[in-house]
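**Q**
Number of protein chains: 2
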Amino acid sequence: MDGLNPELMRGSLELMVLSVLSDGSKYGYLIQQSLRDASDELVELKAGTLYPILHKLETKKMVRCRWDDSTGRRRKWYELTAAGKKQLKVRVDEWQAYVECLRRVLGPLADPSSMPA
Amino acid sequence: MDGLNPELMRGSLELMVLSVLSDGSKYGYLIQQSLRDASDELVELKAGTLYPILHKLETKKMVRCRWDDSTGRRRKWYELTAAGKKQLKVRVDEWQAYVECLRRVLGPLADPSSMPA
DNA sequence: GTCGATAGATTGCGGGGCTATGCATCGTGA
DNA sequence: TCACGATGCATAGCCCCGCAATCTATCGAC
Numbered sequence: 066m067d068g069l070n071p072e073l074m075r076g077s078l079e080l081m082v083l084s085v086l087s088d089g090s091k092y093g094y095l096i097q098q099s100l101r102d103a104s105d106e107l108v109e110l111k112a113g114t115l116y117p118i119l120h121k122l123e124t125k126k127m128v129r130c131r132w133d134d135s136t137g138r139r140r141k142w143y144e145l146t147a148a149g150k151k152q153l154k155v156r157v158d159e160w161q162a163y164v165e166c167l168r169r170v171l172g173p174l175a176d177p178s179s180m181p182a
Numbered sequence: 066m067d068g069l070n071p072e073l074m075r076g077s078l079e080l081m082v083l084s085v086l087s088d089g090s091k092y093g094y095l096i097q098q099s100l101r102d103a104s105d106e107l108v109e110l111k112a113g114t115l116y117p118i119l120h121k122l123e124t125k126k127m128v129r130c131r132w133d134d135s136t137g138r139r140r141k142w143y144e145l146t147a148a149g150k151k152q153l154k155v156r157v158d159e160w161q162a163y164v165e166c167l168r169r170v171l172g173p174l175a176d177p178s179s180m181p182a
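If you're matching them up, the sequences are chains A and B in order.
Offset between the first sequence (1-based) and this note's numbering: plus 65.
Offset between the second sequence (1-based) and this note's numbering: plus 65.
(1) Name the chain B residues whose beta carbon is nearer than 9 Å to that of glycine 149/A?
(2) So that I know if they touch, is there some Cβ in chain A lying closer than 7 Å to that of glutamate 159/B?
(3) Would DSSP call aspartate 158/A helix, strand or coil?
(4) Just checking, does the region 154 to 165 of chain B make contact with the region 140 to 147 of chain A on the three C-beta pairs under 8 Å criterion?
(5) Listing by chain order, which chain A residues have their CB less than 8 Å from the CB of tyrosine 94/B?
(6) Quick one: does leucine 170/B have its CB under 7 Å from some CB of chain A?
(7) Let me confirm a value: serine 135/A is counted as buried when at least 16 other C-beta atoms fall within 10 Å, else exposed. Which label applies?
(8) Using C-beta distances below 8 Å, list every residue in its chain close to methionine 127/B, excluding the 5 sequence neighbours before and after it, in chain order.
(9) Is the region 106 to 116 of chain B close to the region 84 to 98 of chain B, with three or more CB pairs under 8 Å?
(10) For glutamate 106/B, decide whether its Cβ has a neighbour in chain A, counting only Cβ atoms nearer than 7 Å.
(11) For leucine 69/A, collect the residues of the same chain with a Cβ closer than 6 Å to its Cβ; drop the 5 residues on either side in sequence, then sort them by chain order.
(12) Does any C-beta atom of chain B lie closer than 7 Å to the C-beta of glycine 89/A?
(13) So which residues on chain B does tyrosine 58/A lean against when the C-beta distance must stay under 9 Å?
(14) For glutamine 98/A, count neighbouring C-beta atoms within 10 Å of its own C-beta (all shown protein chains included) and say buried if the count is 16 or more, exposed if not.
(15) Along the alpha helix (DSSP H) that carries arginine 140/B, what are the first and last residues, could you check?
(16) How would you list, in chain order, the residues of chain A whose beta-carbon sits under 8 Å from the beta-carbon of serine 84/B?
(17) The alpha helix (DSSP H) spanning arginine 101/B covers which residue range?
(18) Let me check one thing: in DSSP terms, what residues is cysteine 130/A bridge-paired to?
(19) Please classify glycine 89/A as buried or exposed, where buried requires at least 16 neighbouring CB atoms within 10 angstroms.
(20) What's the C-alpha gap between glycine 76/A and arginine 75/B?
(21) Which residue wins for smallest C-alpha separation from aspartate 176/A, given the options Asp133/B, Pro173/B, Gln161/B and Gly172/B?
(22) Taking the alpha-carbon positions, what's the histidine 120/B to cysteine 130/B distance?
(23) Kindly list the residues whose CB is nearer than 8 Å to the CB of glutamine 167/B, restricted to its own chain and excluding five residues on each side of it in sequence; keep chain order.
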């Protein structure tokens with residue numbers, strides 16, 4: 066991770082991976098870059114973090130994968146399954162419930178009008 | 066935890082504790098209840114989770130505490146220090162940067178208009 | 001021909017939340 | 001009266017997860 070608090074990231078990494086896979090199948094390295102781009106350089110997912118997540122998603126049948134050996138560079142393409150797409154929706158809902166909950170807990174602290182320059 | 070994804074909670078628990086302490090000093094059990102109330106019953110912080118957090122905050126001088134033995138029921142009151150209040154502001158900013166970042170990563174998925182009934 | 005970027009993967013650690021447990025007090029109700 | 005549930009604080013150990021470190025291999029550039 067980079068400019069953001071790493072502690073906060075824990076738990077939403079899987080959601081992010083599912084999310085970047087939602088607009089088409091990608092291989093690992095591409096997922097890293099997509100996430101980096103989508104997050105304005107704020108999320109730099111390390112390989113040692115990404116691959117275990119992908120393997121876990123594969124085990125849970127959330128993604129399906131296919132080796133591409135047509136080029137010299139071996140690439141493993143990951144694609145969301147139907148279950149994965151469904152799971153993504155669930156996770157997005159959970160995320161939004163969580164954000165809403167935190168907003169309530171923080172109360173006025175979360176209100177930008179109470180944060181002077 | 067309760068109705069929310071526990072994985073997501075990890076990392077923001079300390080922020081929540083700092084937050085509930087921001088409107089006056091409280092003792093442990095009260096903090097649990099305040100958080101439960103403020104979150105609409107969604108956050109049920111277990112004692113085994115709360116006290117280690119409080120001890121850590123104490124070690125880091127973010128809170129100061131005082132035993133109250135005036136009643137039969139011993140209570141340990143926690144109060145934010147100046148450093149704690151500052152830390153809370155920092156954490157809130159980090160939280161908002163994180164939410165903003167996730168919104169970017171999720172893209173249209175985070176857009177309520179794309180979520181049909 | 002060597003170095004950096006691309007590409008995939010595993011191991012082991014460290015940190016943090018939770019379950020379980022322990023101790024003590026107070027109010028309620030049987 | 002005394003047992004039980006709620007109040008109140010605390011620690012130990014398990015388990016999960018992110019990450020640094022490490023390994024292998026290919027490709028383009030210099």
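Cβ atoms here follow ideal geometry from the backbone N, Cα and C, with glycine treated the same way.
**A** This is what the structure holds:
(1) Within 9 Å Cβ-Cβ: nothing; glycine 149/A doesn't reach chain B, min ~13 Å.
(2) Chain A, which has a Cβ nearer than 7 Å to the Cβ of glutamate 159/B, makes this yes.
(3) In the structure shown, aspartate 158/A sits in a helix (DSSP, three-state: H, G or I).
(4) no
(5) Per Cβ cutoff of 8 Å: no residues; tyrosine 94/B is ~18 Å from chain A at best.
(6) The identity of residue 170/B in the sequence shown is valine, whereas the question assumes leucine. Yes, valine 170/B counts as interfacial toward chain A.
(7) Result: exposed.
(8) Leu83, Leu145, Thr146, Ala148, Gly149 and Gln152
(9) yes
(10) no
(11) Leu107
(12) no
(13) The question about residue 58/A has no answer here: the residues shown for chain A are numbered 66 through 182.
(14) Burial state of glutamine 98/A is exposed, judged by a 10 Å Cβ sphere holding fewer than 16 other Cβ atoms.
(15) Premise fails: arginine 140/B lies in the beta strand (DSSP E), 140 to 145, not in any alpha helix (DSSP H).
(16) In chain order: Val170, Leu171, Gly172 and Leu174.
(17) 93 to 103 is the extent of the alpha helix (DSSP H) around arginine 101/B.
(18) Partner(s): Tyr143/A.
(19) Glycine 89/A is exposed by the Cβ-count criterion.
(20) 7 Å
(21) The residue with the shortest Cα to Cα distance from aspartate 176/A is Gln161/B.
(22) When rounded, the distance between both Cα atoms is 10 Å.
(23) Looking at the sequence itself, residue 167/B is leucine, so the reference to glutamine does not match. Taken in chain order, the residues that qualify are Ala175.
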